[in-house]
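In the working numbering, the protein residues as written are 426 to 509. Ideal Cβ positions, reconstructed from N, Cα and C, are used throughout, including at glycine. Below is one structure, written out as structure tokens; the observations come after it.
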């Protein structure tokens, strides 16, 4: 593993962790009224494209971080749609 990969892992961990509080709050309160549907859909599309890019580059940090982030965003979107 080279130095840029360490940066990739650090960035992936931090950006993925950033979604945890929101996902936990939505899960705990079963309420996503204050979350923009457009934001959620746009973020999912963007993270999915980053995931595809990570696969095309063979970048393990990108693949791992964006896979987890995509799951967290999918949970948030599901609650947004389910509990309108």
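Helix, strand or coil at residue i according to DSSP, with G and I counted as helix
i: residue 479; result: helix
i: residue 427; result: coil
i: residue 443; result: coil
Through-space distance from residue j to residue i, alpha-carbon basis
i: residue 469; j: residue 495; result: 6 Å
i: residue 460; j: residue 484; result: 31 Å
i: residue 435; j: residue 486; result: 9 Å
i: residue 508; j: residue 500; result: 12 Å
i: residue 481; j: residue 488; result: 10 Å
i: residue 473; j: residue 506; result: 19 Å
i: residue 430; j: residue 493; result: 18 Å
i: residue 446; j: residue 455; result: 14 Å
i: residue 440; j: residue 490; result: 8 Å
i: residue 432; j: residue 504; result: 32 Å
i: residue 462; j: residue 471; result: 14 Å
Residue i: first and last residue of the uninterrupted alpha helix (DSSP H) it sits in
i: residue 507; result: 485-507
Runs of beta strand (DSSP E) wholly within the region 449-474 (minimum 3 residues, chain order): Those beta strand (DSSP E) runs which fall completely within the region 449-474 and span 3+ residues do not exist here.
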